[in-house]
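For reference, the structure is listed below as structure tokens.
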Amino acid sequence: VIQLAIIGGYLVLLLLVGAVANRLSRGTSGDYMLASHTIGPVLLTLSLFGTAMTAFALVGSTGESFKQGIGVYGLLASSSAIVHPLCFLLLGVKLWQWGHRYGYRTQVQFFRDRLGSDRIGLVLFPILVGMVIPYLLIGVMSAGLFINVVTRGEVVEGQVVGGTFTEGIFPAFFERGSVDPETGQPHGFAGASGSRGGVPRHVASLVVCAIVLTYVFFGGMRGTAWANAFQTTVFLVLGGIMFVILAHRLGGQESLLENLRVLGNTIPESHRSRELMSPTRFLSYMLIPLSIGMFPHIFQHWLTARSAATFKLPMVMHPIFLLVLWAPCVLLGAWAAGVALPAAVASHPNEILPFLVRNTGSEVLVGLLTAGVLAAIMSSLDSQFLCLGTMFTEDILVHYGGENRFSDRAKVWIARGFIVLIVAATYLLSLFDPRQVFTLGVWCFSGFSSLFPLALAAVYWRGLTKWGAYASVLTAVVLWFALFHASGYARDDTYAFQLEWGSVSIELMPVVPMVLGAAVALLLVSLATPKPSPERLARFFPTRR
Amino acid sequence: MPRAECFATLAMFFGHFVAYLSSPVQLSGDPAMKIFVWLLVLVLVVLHQDFWNWRDGSLVGGILPMGLAYHMALTAATAVVWFIATRCLWPADLEPEEPAP
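Residue numbers (my numbering), protein chains in the order written: chain A, 15 to 559; chain B, -11 to 89.
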């Protein structure tokens, strides 16, 4: 009950942030979608980091480290520390400049203008929306799962012991869990996906969706940026506290240093090194963080910056935040690999962190740490909901309905309406329990990465043509589907692209052929097709002297 | 209250750091300096592929596995390189801000 009160209190605080942002709103669509370009360096740093980090940063990193060892840090954290600020520098600053000058609010508006092609919007829009939706589902489902795991009891001889709620408090549909494909019946209250005395997953997801919807609905981008900054601070601080307390709990020694030494020695040999990983797969993983360059919600955050210099602080602080957040989580996962855990927990790596937290025995701590994890999840969800609402409003309704058909105030309400629809659709999709969506996450990131050559060329290459852009996007889509099919539609989560070189077989992430294919198609077709008009190029590139 | 003073000093330092970063001063617009900074970024990418640590399971200070300690240090070095980049690689053609139409 105490932990639920803390989680509830945290969610109410978020609503207050949205309410304050709403009172300070200028009431214009520019303020609702881009905070009137007033976000300063500290707020931009925190909101960009919060948006880029999902549940995976806390829950997934611990689980993956438990499975594969400490190499997970290099796989995603230190590579992102190099690539994310690179994208801020190469793309963010220029796109901010053009967005500020020409009034863009979405990526599609930029590409339509830059390429002089209205139809590129019709190609890009469904792809971008289609790849953000699984990403949204991951957040909604993770939040529900985490709240359930920390509030549920243990199953002893088929009975739930120590749960927060007794059976029958919530409607049976939520308590029984999903349908077992073998028996055709729900798992039941004490079954594998049953609520087991905790807040049912779908109820918890509904509450999280409602909270995020409320502060995004009323606060717009200003509320989202403030909420993100608050949530980033919360998950960084609580992450540190969690690490120290768990180290004490697992190590059982007096001082932190002693605990770290004891626990360091418990890490299995296989998890201390990267012997469980393929070096070429590790290398090719470096292309995954390029996805940040094409995330539509990150694009929208870039446009909120007050000035170009605002980007400098995020560039420097982003790696430091990655270090502070990821290193403790990866270390916790590696420690857990050396500790005897119940088989039911060990077989579900995403449940390692909630299990460790719950085992501290302190309800206050469980509540605070759950708030930290929810902060990481919701700080991405809000930006994605707002971004999709903005895209439907600007790229479809206003673009095809006519700029002058809607008043500025009407645009704000249309965006709000779309946000409500997107939240509702996401929640309904999450009820179908598409577990594959977690594996789909890496595929979505790969898809965004494969659009990176287009973003880079649009910003730096005068020779890019609209035909080159079409070729690049279509090549990326075809390769994505071909490799996705080869992976058994994400059923094989260890799928790798095999490059045969004589007797040597090199294992690469599917993102490599996707990015290379998209880049080659862009280059060849652009070289063979008519260049954009000099007037159009002059809008984006200074005249050569 | 030494702890409060410590936090206040840290906050003041951070404030100065943000102000310094946000200032228009650049260390160098020198093309050679720009090439040097881009080379530093390239070195980071190369150092990220630390195949020499691949099977090293030793513990640094008896606490951190070598591979993790190495990549944590690399992340800190990355922040330093990006700090230098904000001074030396910053685009020169960013015109004064005008409100969006």
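Glycine included, every Cβ here is placed at the ideal spot set by N, Cα and C.
Query raised in the report: Taking the C-alpha atoms as reference points, what is the distance between Pro87 of chain B and Trp475 of chain A?
Result: For Pro87 of chain B, the predicted structure reports a pLDDT of 49, less than 50, and the residue's modelled location is therefore unreliable. A value from the coordinates is still provided. Taking the straight line joining both Cα atoms gives about 26 Å.
Report task. Please classify Asp38 of chain B: is it buried, with 16 or more other beta-carbons within 10 angstroms of its beta-carbon, or exposed? Result -> So Asp38 of chain B ends up on the buried side.
Report task. Go through its chain and collect everything with a Cβ distance to Met308 of chain A's Cβ below 7 Å, but skip five positions before and after it. Result -> Excluding positions up to five away in sequence, the list reads Phe462, Leu465, Phe466 and Ala469.
Query raised in the report: Is Ile51 of chain B helix, strand or coil by DSSP?
Result: Coil.
Report task. With DSSP collapsed to three states, give me the class of Pro544 of chain A. Result -> In the structure shown, Pro544 of chain A adopts coil according to DSSP, grouped into three states.
Query raised in the report: For the alpha helix (DSSP H) that Phe231 of chain A lies in, which residues bound it at each end?
Result: That run of the alpha helix (DSSP H) goes Arg215 to Gly265.
**Report entry** Alpha carbon of Gly191 of chain A to alpha carbon of Tyr24 of chain A, nearest angstrom
**Finding:** Within the model, the alpha-carbon separation for Gly191 of chain A versus Tyr24 of chain A is close to 27 Å.
Report task. Can you tell me the Cβ-Cβ gap for Leu56 of chain B and Val344 of chain A, rounded? I've got them flagged as a contact below 8 Å. Result -> With a Cβ gap of about 7 Å, Leu56 of chain B and Val344 of chain A count as contacting.
Query - Cys401 of chain A beta carbon less than 8 Å from that of Tyr149 of chain A - result: No; because the gap between Cβ atoms is not below 8 Å, this pair is not in contact.
Query raised in the report: Going by beta carbon distance, what residues of the same chain come within less than 6 Å of Gly265 of chain A, once the five residues before and after it are set aside?
Result: Here Gly265 of chain A has Asn273, Val276 and Leu277 as same chain residues with Cβ atoms under 6 Å from its own Cβ, once five neighbours each way along the sequence are excluded.
Requested in this report: Could you name each continuous beta strand (DSSP E) segment of 3 residues or more that falls completely within the segment 89 to 136 of chain A, going from the start of the chain to the end?
Outcome: Counting only runs of 3 or more, we get nothing.
Query raised in the report: When burial is assigned at 16 or more other CB atoms within 10 Å of the CB, is Arg215 of chain A buried or exposed?
Result: Buried: at least 16 other Cβ atoms inside 10 Å.
Query raised in the report: Does any CB atom of chain B fall closer than 8 Å to the CB of Pro293 of chain A?
Result: Yes, Pro293 of chain A counts as interfacial toward chain B.
Requested in this report: Determine the contact status of Ser156 of chain A and Val73 of chain A, defining contact as a CB-CB distance below 8 Å.
Outcome: Inclusion of Ser156 of chain A and Val73 of chain A in the CB contact set at 8 Å is warranted, their separation being smaller than that value.
**Report entry** Chain-order list of residues whose beta-carbon lies under 8 Å from that of Gly88 of chain A (same chain, five-residue window excluded)
**Finding:** Its chain contains Arg288 and Phe296 as the residues whose beta carbon lies nearer than 8 Å to that of Gly88 of chain A, once the 5 sequence neighbours on both sides are disregarded; these appear in chain order.
Query raised in the report: What are the residues that DSSP puts in a beta bridge with Pro200 of chain A?
Result: DSSP output for Pro200 of chain A lists A:Val193 as bridge partner(s).
Requested in this report: Starting from Gly275 of chain A, find everything on chain B with Cβ-Cβ shorter than 7 Å and list it in chain order.
Outcome: According to the sequence provided, residue 275 of chain A is Arg. The question's Gly does not apply to it. Here the neighbours are Gly50 and Ile51.
Query raised in the report: What is the DSSP secondary structure of Ile520 of chain A, reduced to helix, strand or coil?
Result: It is a strand residue.
**Report entry** Complete alpha helix (DSSP H) runs within the segment 327 to 402 of chain A (minimum length 4 residues, chain order)
**Finding:** Counting only runs of 4 or more, we get 357 to 360 and 366 to 372.
Query raised in the report: Alpha carbon to alpha carbon, what distance is there between Leu9 of chain B and Thr74 of chain B?
Result: Here the C-alpha atom of Thr74 of chain B lies approximately 8 Å from the C-alpha atom of Leu9 of chain B.
**Report entry** Through-space distance from Ile21 of chain A to Glu417 of chain A, alpha-carbon basis
**Finding:** Spanning the two alpha carbons is a distance of roughly 43 Å.
Query - Nonlocal neighbours in the same chain, by C-beta distance under 8 Å from Val539 of chain A, ignoring five residues either side - result: Counting only Cβ-Cβ distances below 8 Å, and skipping sequence neighbours, we find Thr479, Trp481, Gly482, Tyr484, Ala485 and Ser486.
Report task. Output yes or no for whether 8 Å exceeds the beta carbon distance between Thr59 of chain A and Met331 of chain A. Result -> Thr59 of chain A is a Cβ neighbour of Met331 of chain A, given a cutoff of 8 Å.
Query raised in the report: Below 8 Å, can you find three or more Cβ-Cβ pairs linking the segment 193 to 209 of chain A to the segment 237 to 247 of chain A?
Result: Contact between the segment 193 to 209 of chain A and the segment 237 to 247 of chain A is absent, because fewer than three Cβ pairs lie under 8 Å.
Query - Gly85 of chain A versus B:Leu52, B:Ala65 and B:Ala64, residue with shortest Cα-Cα distance - result: Per the C-alpha coordinates, the member of B:Leu52, B:Ala65 and B:Ala64 positioned closest to Gly85 of chain A is B:Leu52.
Requested in this report: From the DSSP output, read off the bridge partner residues of Ile312 of chain A.
Outcome: According to DSSP, residue pairing for Ile312 of chain A in a beta bridge does not occur.
Requested in this report: Compare the Cα-Cα distances from Val492 of chain A to each of A:Leu513, A:Val529 and A:Val387 and report the closest residue.
Outcome: Ranking A:Leu513, A:Val529 and A:Val387 by Cα distance to Val492 of chain A puts A:Val529 first.
Query raised in the report: What whole-angstrom Cβ distance do Gly54 of chain A and Thr324 of chain A have, given they're in contact under 8 Å?
Result: Yes, they are in contact, since the Cβ atoms of Gly54 of chain A and Thr324 of chain A sit about 6 Å apart, within 8 Å.
Report task. Please list, in chain order, all residues of the same chain as Ala471 of chain A whose beta carbon is under 7 Å from its beta carbon, the five residues on each side excluded. Result -> For Ala471 of chain A, where only same-chain residues beyond five positions count, the Cβ hits under 7 Å are Leu478 and Leu536.
Report task. Mind checking who Glu514 of chain A pairs with in its DSSP beta bridge? Result -> A:Ser519.
Report task. For Gln173 of chain A, name the three-state secondary structure that DSSP assigns. Result -> DSSP places Gln173 of chain A in strand when its eight states are reduced to three.
Query raised in the report: For Leu411 of chain A versus Ile428 of chain A, is the C-beta spacing smaller than 8 Å?
Result: At a Cβ-Cβ threshold of 8 Å, Leu411 of chain A and Ile428 of chain A count as neighbours.
Query - Option in A:Pro185, A:Asp194 and A:Ala206 with minimal Cα separation from Gln173 of chain A - result: Nearest of A:Pro185, A:Asp194 and A:Ala206 to Gln173 of chain A, Cα basis: A:Ala206.
Requested in this report: With DSSP as the reference, please indicate the residues paired to Glu168 of chain A in a beta bridge.
Outcome: Beta-bridge pairing links Glu168 of chain A to A:Val175.
Query raised in the report: Counting Cβ pairs, one atom from each stretch, are 3 or more of them under 8 Å apart for the segment 382 to 401 of chain A and the segment 93 to 107 of chain A?
Result: A contact between stretches requires three or more CB pairs, one per stretch, nearer than 8 Å, and the segment 382 to 401 of chain A fails this requirement with the segment 93 to 107 of chain A.
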